[in-house]
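Undergrad: Residue numbers (this note's numbering), protein chains in the order written: chain W, 416 to 628; chain P, 416 to 628.
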DNA sequence: GTCTACAAGATTGTTAACATTTGGTCGTCG
DNA sequence: CGACGACCAAATGTTAACAATCTTGTAGAC
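1. What residues of chain W sit near residue 575 of chain P, judged by a beta carbon separation below 8 Å?
2. By DSSP, does residue 472 of chain W sit in helix, in strand, or in coil?
3. From the DSSP secondary-structure annotation, give me the bridge partner or partners of residue 479 of chain P.
4. Identify the continuous alpha helix (DSSP H) that holds residue 512 of chain P and give its terminal residues.
5. Are residue 502 of chain P and residue 570 of chain P closer than 7 Å when you measure CB to CB?
6. By how many angstroms is the C-alpha of residue 527 of chain P removed from the C-alpha of residue 568 of chain W?
7. Could you give the distance in angstroms between the alpha-carbon of residue 489 of chain P and the alpha-carbon of residue 428 of chain P?
8. For a quick check, are the C-beta atoms of residue 590 of chain W and residue 491 of chain W less than 7 Å apart?
9. Run through DSSP, which three-state label would residue 568 of chain W get?
10. How long is the line joining the alpha carbons of residue 596 of chain W and residue 506 of chain W, rounded to whole angstroms?
11. If contact means a Cβ-Cβ distance below 8 Å, which residues of the region 585-606 of chain P contact chain W?
12. For residue 509 of chain W, which three-state DSSP category applies?
13. Taking the alpha carbon of residue 484 of chain W as the reference point, which residue from W:578, W:607, W:572 has its own alpha carbon closest?
14. For residue 608 of chain W, I'd like the list of residues in its chain whose CB is within less than 6 Å of its CB, leaving aside the five on either flank, ordered along the chain.
15. If I measure Cβ to Cβ from residue 551 of chain P and keep anything under 7 Å in the same chain, skipping five residues before and after, which residues do I get?
16. What is the residue span of the alpha helix (DSSP H) that residue 537 of chain W lies within?
17. Can the beta-carbon of residue 494 of chain W be found closer than 7 Å to that of residue 564 of chain W?
18. With distances taken Cα to Cα, identify the nearest neighbour of residue 420 of chain W among P:466, P:432, P:440.
19. With 7 Å as the threshold, decide whether the Cβ of residue 552 of chain W is near any Cβ in chain P.
20. Determine the chain W residues that contact residue 490 of chain P at a beta-carbon separation under 8 Å, and present them in chain order.
21. I want to see whether chain W comes within less than 7 Å of residue 497 of chain P, judged by CB atoms only; does it?
22. So with Cβ pairs under 7 Å, would you call residue 467 of chain W a contact of chain P?
23. Name, please, each residue of chain W whose Cβ falls closer than 7 Å to the Cβ of residue 560 of chain P.
24. Between residue 474 of chain W and residue 529 of chain P, what straight-line distance do the alpha-carbon atoms span, to the nearest angstrom?
25. Would residue 470 of chain P pass as an interface residue toward chain W - the criterion being a Cβ-Cβ separation below 7 Å?
26. Please return the same chain residues whose Cβ sits closer than 7 Å to the Cβ of residue 524 of chain W, not counting the five positions on each side in sequence.
27. Considering only residues of the same chain and omitting the five flanking positions on each side of residue 431 of chain W, which have a CB-CB separation below 7 Å?
28. Mind checking whether residue 482 of chain W and residue 470 of chain W have CB atoms under 7 Å apart?
29. In the DSSP assignment, find the alpha helix (DSSP H) that holds residue 593 of chain P and state where it starts and stops.
30. Which first and last residues belong to the alpha helix (DSSP H) in which residue 608 of chain P is found?
31. Any C-beta of chain P sitting closer than 7 Å to the C-beta of residue 501 of chain W?
32. Check whether the Cβ of residue 463 of chain P lies closer than 7 Å to any Cβ atom in chain W.
33. Give a yes or no on whether 7 Å exceeds the smallest Cβ distance from residue 459 of chain W to chain P.
34. On a Cα-Cα basis, can you pick out the residue from W:621, W:613, W:433, W:580 that is closest to residue 533 of chain W?
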């Protein structure tokens with residue numbers, strides 16, 4: 416009834432949206448019922464999500480939502496940093512005038528959400544901006560890798576979003592990225608993106624130091 | 416009889432070693448027989464390798480070894496470039512004296528194979544060097560991504576290895592990387608790695624221009 | 001009271017049969 | 001001679017039952 420890819424996407428979304436929390440067990444029968452499909456389809460989805468790094472499977476012991484430690488989240492963000500910088504550079508190279516307008520518009524909307532303290536909306540615009548930059552870059556490989564890395568650290572990203580005063584800093588950094596992309600300056604775009612993610616890493620690091628022991 | 420992970424690894428190896436060429440169909444029954452297991456295990460392996468980017472699957476039409484175009488191979492190498500530079504920097508930061516000795520030893524062996532024109536052996540040392548750098552870096556995330564990217568472009572890498580005069584250039588570049596890592600200079604290590612992979616990209620680009628129309 | 005042995009339940013792993021889809025072949029008709 | 005359509009074979013997709021494995025709870029011995 417439901418093709419395998421659909422299950423994979425649905426389950427991925429449900430994990431990312433927090434309906435299944437890190438550590439939660441993923442029982443095949445239960446999922447089969449929930450998504451109205453056979454166990455085989457669920458198994459395939461679990462295998463796929465395991466190689467994506469979102470799910471952990473142990474022989475004869477079943478699957479569970481993978482827990483991501485802080486140190487791992489930092490490494491993920493470091494990898495994202497270099498890849499997104501590549502993307503930003505390529506976006507600066509390939510973006511068209513229409514794209515420029517769209518990027519500027521996103522920044523304006525972000526500015527508005529920050530002024531009104533709408534954390535949720537800001538977070539969505541954040542995702543949108545990064546996604547559009549990936550698409551504009553034309554670099555399918557880097558785009559795919561970054562999308563995956565983002566998913567893996569989604570939980571930690573979430574905590575970041577609700578940190579007080581973080582949106583303001585973040586907004587400036589995003590504006591700088593867009594400025595560089597719009598002006599077609601590849602190196603500046605890459606640098607701005609690196610600076611942005613360095614700042615994210617710093618926050619993660621501080622949070623880790625404060626909470627781990 | 417054979418656990419799923421084993422099949423996945425075996426099939427991956429057989430694809431990378433060229434026993435299954437790009438475009439070759441991967442029939443479930445045939446593979447089940449070849450690896451002495453059920454179709455279910457084969458299916459799981461195919462799903463896993465599909466999300467790894469090595470296999471292509473089409474609904475109701477079966478799986479085949481994914482073909483990688485030159486432009487895709489270039490993008491793969493570009494992504495590898497930034498990730499391996501990150502790895503080189505981390506390796507420079509974390510490598511211990513024993514590691515330094517090992518790296519220098521690998522370079523010496525490489526020098527010997529180049530002098531004796533042993534392309535095959537050089538290629539293996541090449542892989543070994545990159546792998547050890549990944550391990551020394553301690554950056555599991557970047558290491559995993561690079562390993563995957565290397566697999567995806569394995570076929571094009573192969574063509575590179577047999578190019579005349581390429582080993583000599585490559586050797587100098589690798590020596591530069593090791594020098595930087597051994598001296599603990601993170602930035603220099605990253606730059607040397609970038610230079611190395613830029614050179615690989617250039618070769619791919621020239622080959623592409625010469626062969627695609 | 002704690003530890004071990006064992007049995008019951010739950011869950012994954014495997015197999016086999018069945019259903020569906022695809023692609024091609026052959027034959028007929030225009 | 002070419003085009004259309006019905007069949008047929010091959011392969012994938014799906015389902016259900018069975019086997020193997022792990023976990024949990026319990027009873028008994030020390």
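Backbone N, C-alpha and C fix where the C-beta goes; we use that ideal spot for every residue, glycine too.
TA: This is what the structure holds:
1. Going along chain W, no residue has its Cβ under 8 Å from residue 575 of chain P, so there is no contact; the nearest lies around 18 Å.
2. strand
3. Residue 479 of chain P pairs with P:440, P:471.
4. 512-530
5. no
6. 44 Å
7. 23 Å
8. no
9. coil
10. 6 Å
11. Result list empty, no residue passes.
12. Of the three classes helix, strand and coil, the one that applies to residue 509 of chain W here is helix, per DSSP.
13. W:572
14. 499, 500, 503, 592
15. Cβ-Cβ distances below 7 Å link residue 551 of chain P to 506, 509, 510, 514 in the same chain, with the five nearest sequence neighbours on each side left out; the list follows chain order.
16. 534-552
17. yes
18. P:466
19. Closer than 7 Å to the CB of residue 552 of chain W there is not a single CB belonging to chain P.
20. 554, 555, 556, 557
21. yes
22. Closer than 7 Å: yes.
23. 494, 560
24. 45 Å
25. no
26. 540
27. 566, 569
28. no
29. 581-597
30. 601-626
31. yes
32. yes
33. yes
34. W:580
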